[in-house]
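As structure tokens, the structure follows; a few thoughts come after it.
In structure tokens:
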């Protein structure tokens, strides 16, 4: 997934190959660019506050070199996922912009999807690198988190050294869309850390860092927004069982793993392919993240790799583990036009949860334009419904074979809550041409 990076920092090889520092306290290695500046700053100055005999202003030195180990750009994300309508025009950190009208002695009920991200094993970095180098490594991961979460409409509420608390919610928007945004953001972040950054670190003989992610959703009735603290010294945040559980889910997650709460799975009616139970040491399912005094709450491991593979641009690598991404606009792919009773919109895969009764028209594109199949090609369309409602209606796995005729489009409608596919198979009567299988994933609420 190197598409998410514009270039590696020129400092990367130097920093990652350094020997463990034996310096104590705040002293820098002599080889570090900032060492001389700090040494020279030990002369007492009577301007500003002081610590010991060193002025606070003496610590205010410019960072040497690049601020992060890689330079980020979100244009590649835009090519893959399109612009997210819930993203903030002016991103910020701290109080959520949609709830700043809540007064210091007021509160309001409103749903929220909480996501906690933690850099696993970050404390051990200090045994190998100087404080400035640790800062740069942590900043790289947290900056990636900020970029990716912000692209999918997430608001960074708090940075906590080696962790981040992100809220996915927009006032008066459907919560299912916020849940989907959080899963997309977490999946892309996990892929970026486990592949792109891992490749950079491994190339320099360093064990890659990893992350742990926890996500849970609290309904309008289960979340209140209010201020903690004193006027002028307070924090506007959420109070919810599910905010607390998102943090617990993050703590329980494994290496580059995403844990989700029961509300996330149940609200979207996620199919079995996207989740599994965690296991206890004895191999039995570890079903609950909370089990106390008669109150139980389910937890699941979200299979972000399979979720990303539901997109047409993602393919499993030849090693059977990594994910390869194809952003070529000329590739064969499907597009979907949603019709909400006359209001047309271009629906991106897995982008939001459409309500029922919308009309959907799928079209086959190749070479950047609507493709007209050749006379020797047969196009077949198949609807793959999943979920409780489709199962109850006996409408799972509906198939439409168009009798050998050539159709480059198919119209259907949204009917059942859950995650579904439209599949398209293009078969050539010329035996030397391989059959193409395309799919388009959607969510319905």
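In UniProt numbering, the protein residues as written are 1 to 445.
Ideal placement from N, C-alpha and C gives every residue a C-beta, glycine not left out.
Item	Value
Distance, residue 156 Cα to residue 146 Cα	7 Å
The stretch 277 to 293 / the stretch 325 to 338 touching (three or more Cβ pairs under 8 Å)	no
Identity of the residue in 111, 179, 121, 189 nearest residue 72 by Cα	189
Sub-8 Å separation of residue 191 and residue 308 beta-carbons	yes
Range of the contiguous alpha helix (DSSP H) that encloses residue 358	Here residue 358 belongs to no alpha helix (DSSP H), and DSSP marks it neither H nor E.
Endpoints, beta strand (DSSP E) assigned at residue 445	Taken as a continuous stretch (DSSP letters only), residue 445 belongs to no beta strand (DSSP E), as it is neither H nor E.
Under the three-state DSSP convention, the category residue 439 falls into	strand
Contact belief for residue 70 with residue 179 at Cβ below 8 Å, rounded distance in angstroms	So it is not a contact: roughly 29 Å between Cβ atoms.
Given residue 256 as reference, the closest of 335, 92, 275, 304 once Cα atoms are compared	304
Inter-residue Cα distance where the pair is residue 110 and residue 150	20 Å
Neighbour-count burial assignment, residue 92, 16 or more Cβ in a 10 Å radius	exposed
C-alpha gap between residue 436 and residue 373, whole angstroms	12 Å
As assigned by DSSP and simplified to three states, the class of residue 227	strand
Extent of the continuous alpha helix (DSSP H) run through residue 167	Counting along the chain, residue 167 falls outside any alpha helix (DSSP H), though it belongs to the beta strand (DSSP E) covering 163 to 168.
Three-state class that DSSP yields for residue 128 in the structure shown	coil
Beta-ladder partner(s) of residue 115, from DSSP	166, 215
Among 184, 148, 175, nearest to residue 306 - alpha-carbon criterion	184
Simplified DSSP state of residue 417, which is helix, strand or coil	coil
Integer Cβ distance of residue 422 from residue 440, believed to fall under 8 Å	5 Å
Beta bridge counterpart(s) of residue 340 as assigned by DSSP	343
Straight-line gap, residue 371 to residue 338 (C-alpha atoms, nearest Å)	19 Å
With 16 other Cβ atoms within 10 Å as the buried cut-off, status of residue 340	exposed
C-alpha distance - residue 120 paired with residue 391, whole-angstrom precision	40 Å
Coarse secondary structure for residue 286, derived from DSSP in three states	strand
For residue 93, the residue or residues it bridges with in DSSP	156
Backbone CA spacing between residue 365 and residue 112 [nearest angstrom]	37 Å
Touching by the beta-carbon criterion (3+ pairs, under 8 Å), the stretch 86 to 101 and the stretch 225 to 237	yes
For residue 412, the three-state DSSP class (helix, strand or coil)	strand
Limits of the unbroken beta strand (DSSP E) element including residue 176	Where residue 176 is concerned, there is no enclosing beta strand (DSSP E), although the alpha helix (DSSP H) it sits in stretches over 175 to 191.
With 16 other Cβ atoms within 10 Å as the buried cut-off, status of residue 393	exposed
Reduced DSSP secondary structure (H/G/I, E/B, other) of residue 296	strand
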